[in-house]
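Enquirer:
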Amino acid sequence: MSDRRIIRFVVPGVPIADGRPRGRIQWPSKADFARAFIKHRSPDAFFQWLTTHAFVQVYSVGKTRPWRDKIAEIAREARASGATWECPVRAHFHFALPRPTSHYSKAMGKSGKLTKAAPRGGHFKKPDLDNLVKAAMDGVTQSELWKDDALVCDGRWTKTFVQEDRHPGLLVELHHLTEDSNG
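According to this note's numbering, the sequence shown is numbered sequentially starting from 1303.
Next up, the structure:
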């Protein structure tokens, strides 16, 4: 019999996908640039100065950080005082995303019934499922529930529209597997 622990928790709110990291070149100020241009007369010397004073700043765009922080906070609470997992993990993430207003009858707005044309199955538009999963796994890693998201060796991720009379959010189920476990 394998030792298995399961942690389940719900993160309320609209799931946010992890945006692609962006970068920008941080140039020296115009005054520093001008002084260096005058001081270093040769193009090689100026270029050398420029490569040591300009740098690339990498940053995240959007609301990803607050969403990851929220996941981390709730995962910490769900973990309680248990040790950080350092074994294989099976992860299940279910993202329930809000429906656009076009899915509802015009007369009653969002409190009304779904139109006949509204899809009943999975959510097949943006945000991308892989980016939602990345944000969720980074949030769990931030909570120190597991040592690294590389420990996830099995999983299932789904993305659906929120059901009527429900709220958007993320349902997480994590299975602590032993090294000898077959799943």
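Glycine included, every Cβ here is placed at the ideal spot set by N, Cα and C.
Report the option in S1407, A1377, G1424 whose CA atom is closest to the CA atom of V1313.
Expert: A1377
Enquirer: On a Cα-Cα basis, can you pick out the residue from D1432, K1427, R1326, L1447 that is closest to S1383?
Expert: Closest by alpha carbon: L1447.
Enquirer: How about F1395 and L1472: do their beta carbons lie closer than 8 Å?
Expert: The criterion of a C-beta distance shorter than 8 Å is satisfied by F1395 and L1472.
Enquirer: If you measure between the beta carbons of L1453 and V1391, is that distance less than 8 Å?
Expert: yes
Enquirer: Are the CB atoms of G1321 and Q1359 within a distance shorter than 8 Å?
Expert: no
Enquirer: Can you list, in chain order, the stretches of the beta strand (DSSP E) that have 3 or more residues and sit fully within the region 1350–1414?
Expert: 1357–1361, 1391–1399
Enquirer: Provide the residue span of the alpha helix (DSSP H) that contains Q1444, from first to last.
Expert: 1431–1444
Enquirer: Nearest CA to the CA of K1418: which residue from K1461, H1405, F1426, R1343?
Expert: H1405
Enquirer: Applying the criterion that 16 or more other CB atoms from any shown protein chain within 10 Å of the CB defines a buried residue, is L1441 buried or exposed?
Expert: Correcting the residue type first, residue 1441 is Gly in the shown sequence and not Leu. Buried.
Enquirer: Run through the DSSP bridge pairs and tell me what L1479 is partnered with.
Expert: DSSP output for L1479 lists no bridge partner at all.
Enquirer: With distances taken between CB atoms, is the gap from P1421 to F1463 smaller than 8 Å?
Expert: yes
Enquirer: Tell me the rounded alpha-carbon separation between I1308 and C1455.
Expert: 15 Å
Enquirer: Put K1332 into one of helix, strand or coil per three-state DSSP.
Expert: helix
Enquirer: Who are the near neighbours of F1339 in its chain, counting only those whose CB is closer than 8 Å to its CB and skipping five residues on each side?
Expert: F1348
Enquirer: Strictly by DSSP, which residues pair up with R1310?
Expert: Under DSSP, R1310 takes part in a beta bridge, and its partners are E1475.
Enquirer: Please state if the CB of Q1444 and the CB of A1374 are separated by a distance shorter than 8 Å.
Expert: yes
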